[in-house]
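Taking the working numbering, I'd label the letters of the sequence shown as residues 718 to 1540.
Taking it in order: structure first as structure tokens, then the write-up.
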Amino acid sequence: MFPDWIFDMLRHRFRLVYVLLASLVTLDAHRGAAGAGLGPENVAVVVNDRSWTSKTVANHYVQLRQIPPQNVIYLDRVRAVEQIPVEEFRETILRPLMAALTERGLEPQIECIAYSTDFPWRIDVRGDIPPETQLPRFLTPYGSLTGMTYLGDLVERKDINYLQLNSNAYFRPRTSPGREPTPEDDDFPQVRQALEHLQKDEHAQALPLLEVLLKNHEKSALLWYNHACCLSLAEREAEALKSLERAVENGWSNLPQTEGDEDLAALRTTDEYRELLERMRKPLFDVEPAFTFSHRREFVVPFRQEPIRYRLTTALGVTGGRGNSVAEVLHGLQRSREADGTRPAGVFVFARNQDIRTKTREGWFAAAEDQLRKLGLSAATVDGNLPKDEPLVAGVVAGVAGFDWAAAESTLVPGALAEHLTSFGAMLDFNASQTPISEWIRHGAAGTSGTVHEPYALQAKFPTPFLHVHYARGFTLAEAFYLSVSGPYQLLIVGDPLCRPWGSAPEFAFEFRTPEADRPVLKCAPHATENIAKYEYFLNGRPVASHAAGESKQIALEDLPDGYHRLTVSAVADAPAATRGSKTFGFTLGLRAKPPELVQIGESDTGNVAWGVPLRFSASCDAAKSLSLHHNGRVLGTIESDSGVFEIASEVLGIGPVALIVSASGDDWRTQSEPLILSISPPPIHTAIAVEDASTWSAGLVLIVGENRQTIESLQAGNALSNAGVQPGDPFQLEGYTQVDRQDLYQLVLHGNVPLTLELNGIPVELPADDSEAFRNLPLALEAGWHRFVFRGTLPESSECRIEFGNRGRRPLDGTQFRSPPP
């Protein structure tokens, strides 16, 4: 629970308490294991098993980053809606995910969760808040998918301290010459009493308390600032200016607060006051030293006696609502991978204007620029909403509700991070306002973030401009974001967590020899060419050994089953960001059994097949009792024999590259095949149809029930058909035309329990089987131009029917996308 004194002060005089909360973060101690750098073996990719977009994005990301197959977790109870209650989040996402990591033995090594698409991006946490607890209005009870997973240690315990603005002790606050009082200080009750007087505007009563407190807290910017306010109101201007100067000397830099504070009105005409404002406009400072992330590290936070742990979390993309197309998400992930270690040329831009969204972070601009320049990089603060005509933009910090990046005629370099502090940036439901964060991904950003509910422009809920400093110091995208945000519960972070443009991978040489059958031992003696702290070894994605640079290692393989295996050697740099360089080798053991064979059969035996086409594979292994087909750590089928044929639907795999293996078991042995690499291609393209003139058509779709015909403008509501007069048992037809502007994969999503058939341009399209407990979706490859959709069905009792369609995100069928001709 939140301490009552924090609630009381938050409700009244926020500026005082926010500074105190921010200072408390600096007191967070960390203990436990040090991190060893973030690599593919440390990332778990989480997939919505009901979604083709989720499986497709995961397939490509797993290949791009060489994520070990057992690190891919499929969840099958997830609803692809914008928002779910917090208990549903625990029951269908958080707990099944953590249970899978434990069951697979991955819990110790997974540092980062990467959600694929089609997960709820907002979590309603009101169910965790006791009825008697009244939250301050700016702690709105809605968290993000990524923030709530990062804070999963608290979320699992229903500890609503996950709403605290200093819940993230991995955040690196600014260094300051000052020190603020804390609850551990003996005189903290007097601090609280002084602040309570200030809340009530009882400055005369607060002044003597502050003067006593400042004898023990000479480095408190907070107390000096409020001392100046009291003196100014007491018409002791000269003394007030000296106290304000002491506040600035000890780190006070809240320029908007100082400029607008009526308590200091008496000082505004003085030269000394204006000089202090100028000093505050461009404060130069650094942040506390950053360190590579480890989920084993225990943090001590002010609001909790027990230590807390975190797991880095990002979403690889969002394809619902106002999100991106699958192609845009995949393009962004490809650019991110190619950006690693390139140290791209470009300027980090901090956009400055009069918007409160900008002013919230403006006090950090000069310091971030200073630190970036010390790294040999280019940085600039520009006036306006966006950088104009800038050919190479390495990163953007903006503060604006709406923007048009194309009109700015600037270009983001591969690997760039870009975000704009605004209320609805990650409110991605189709009817929300303000420019969504998906625009940054569309224009080439490797990562971005935004809040999923009204944040009230609080810096603590957004990344500080030092996001780019951490990134430029070699930390991964995921680490850079969490190093720079102190209260992440509402922040949705989208992007490739492993992207690291300014982190150079250590180079090393490693001689690999296939183990001899009679002596299954790997002899490891890598030779470094750069400053390396240690080497780590992973067999089939699992950590098996490590040693310091300059040493060698022997890895015994007696307990390893026969068959194909992969050894990955990772060199970890001797640096705070602990960048990694890796080499992977494949080898086969055959002490007791010959590895099984897996062969694709049928008309398409070239390793490629279209989505929707069944797949058949023959498998065999001498003397085996059973054969199992595996994909990404899951079993797709089992045959109780030494040979046989596996038949699976390609929809199970999703679109893109997939790797299948078959394992075989005998009486006392196991073995497995080399991976069979396939590519699942999109379904055939639907050719556009000719439409002469649709300018006079009605917006919406035509609903036909018997002889009755009417236009439905929107199917957003699940009971739209019932509201239109369709009765249970009535057959109906829903018809509409849509014009698409590009040839691409489009999403069709069905929510509810109404059995439907679909004709697209007169051709029947097979829809996924009904499932009233979840959504159904399928890809439609459409040529640019007009397309005619005809849905038919019969309305059941207690029906719900909502259909969504789109490319760059999706929205319910309505008059903005669909039109219908006159009868």
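Each residue gets a CB set at the ideal place from its N, CA and C atoms; glycine is no exception.
{"Query": "Report the three-state DSSP secondary structure of P1538 (helix, strand or coil).", "Result": "coil"}
{"Query": "Assign K932 to buried or exposed, taking buried as 16 or more other Cβ atoms, counted over all protein chains shown, within 10 Å of its Cβ.", "Result": "exposed"}
{"Query": "When you compare the CB positions of W1503 and Q1534, do they come within less than 7 Å of one another, or not?", "Result": "no"}
{"Query": "Identify every residue that forms a DSSP beta bridge with C1518.", "Result": "G1469"}
{"Query": "Are three or more beta carbon pairs between the region 899-919 and the region 955-964 nearer than 8 Å?", "Result": "no"}
{"Query": "Start and end of the beta strand (DSSP E) containing A1250?", "Result": "1249-1256"}
{"Query": "Looking at the strands, I want to know which residues DSSP matches up with K1300.", "Result": "V1286"}
{"Query": "Quick check on this structure: which residue in V1330, G1350, E1357, L1332 has the alpha carbon closest to the alpha carbon of K1342?", "Result": "E1357"}
{"Query": "Going by beta-carbon coordinates alone, are L1029 and A1195 separated by less than 7 Å?", "Result": "yes"}
{"Query": "Fully enclosed by the region 1194-1222, which beta strand (DSSP E) runs are 3 residues long or longer?", "Result": "1208-1212"}
{"Query": "With Y1188 and A1177 assumed to form a contact (beta carbons below 8 Å), what rounded beta-carbon distance in angstroms separates them?", "Result": "Actually they are not in contact, since the Cβ atoms of Y1188 and A1177 sit about 20 Å apart, beyond 8 Å."}
{"Query": "With burial defined as no fewer than 16 other Cβ atoms inside 10 Å of the residue's Cβ, what is the status of R1527: buried or exposed?", "Result": "buried"}
{"Query": "Please tell me whether, using a cut-off of 6 Å, the distance from the CB of L912 to the nearest non-hydrogen atom of the ligand NAP is below it.", "Result": "You won't find the ligand NAP in this model; it holds no ligand whatsoever."}
{"Query": "Do P1278 and T1355 count as a contact pair if the criterion is CB distance below 7 Å?", "Result": "no"}
{"Query": "Looking at the secondary structure, which residues open and close the beta strand (DSSP E) in which A1124 lies?", "Result": "Run containing A1124: none in the beta strand (DSSP E); it sits in the alpha helix (DSSP H), 1122-1125."}
{"Query": "Between the region 773-780 and the region 844-856, do three or more beta carbon pairs fall short of 8 Å?", "Result": "no"}
{"Query": "Under a Cβ-count criterion, where at least 16 other Cβ atoms within 10 Å of its own Cβ denotes burial, should S861 be classed as buried or exposed?", "Result": "buried"}
{"Query": "In angstroms, rounded to a whole number, what distance separates the CA positions of T1075 and T975?", "Result": "16 Å"}
{"Query": "Alpha carbons only, please: which of A1084, I801, A1174 is nearest the one belonging to R1182?", "Result": "According to the sequence displayed, residue 1182 carries Pro and not Arg. Among A1084, I801, A1174, the Cα nearest to that of P1182 is on A1084."}
{"Query": "Here's the rule I'm using: 16 or more other beta-carbon atoms within 10 Å means buried, otherwise exposed. How should A750 be labelled?", "Result": "Note on A750: pLDDT 47, under 50, position unreliable in the model; the coordinate value appears next. Per the 10 Å Cβ criterion, exposed."}
{"Query": "By a C-beta neighbour count over all protein chains shown, 10 Å radius and 16 as the cutoff for buried, is G1442 buried or exposed?", "Result": "exposed"}
{"Query": "Taking all protein chains shown into account, decide if R1014 is buried (16 or more other Cβ within 10 angstroms of its Cβ) or exposed.", "Result": "buried"}
{"Query": "Quick one: what's got a C-beta closer than 6 Å to R1493's C-beta in the same chain, skipping five residues either side?", "Result": "L1467, P1485"}
{"Query": "Taking just the CA atoms, how far does Q826 sit from V762?", "Result": "13 Å"}
{"Query": "Under three-state DSSP, which class holds S1431?", "Result": "strand"}
{"Query": "Since H1170 sits in a beta bridge, which residues does DSSP pair it with?", "Result": "DSSP lists no partner for H1170."}
{"Query": "So what's N765 in DSSP terms, helix, strand or just coil?", "Result": "strand"}
{"Query": "Any idea what DSSP makes of I1073, helix, strand or coil?", "Result": "helix"}
{"Query": "Using the C-alpha atoms, what's the distance from N1470 back to W1328?", "Result": "25 Å"}
{"Query": "Going by other Cβ atoms of all chains shown within 10 Å of its Cβ, with 16 needed for buried, is A964 buried or exposed?", "Result": "buried"}
{"Query": "Select from A945, G895, T866 the residue whose C-alpha is nearest the C-alpha of S884.", "Result": "T866"}
{"Query": "Threshold first: 4 residues or longer. Then list the alpha helix (DSSP H) segments lying entirely within the region 924-1008, N to C.", "Result": "938-950, 954-966, 972-977, 988-998"}
{"Query": "How far does the beta strand (DSSP E) with H1012 in it extend, from its first residue to its last?", "Result": "No beta strand (DSSP E) holds H1012; DSSP gives it neither H nor E."}
{"Query": "Where L1477 and T1031 are concerned, what is the direct C-alpha to C-alpha distance, given to the nearest angstrom?", "Result": "36 Å"}
{"Query": "Within a Cβ cutoff of 8 Å, which residues of the same chain sit near E1228, ignoring the five residues on either side of it in sequence?", "Result": "A1242"}
{"Query": "Look up P813 in the DSSP assignment and say whether it is helix, strand or coil.", "Result": "helix"}
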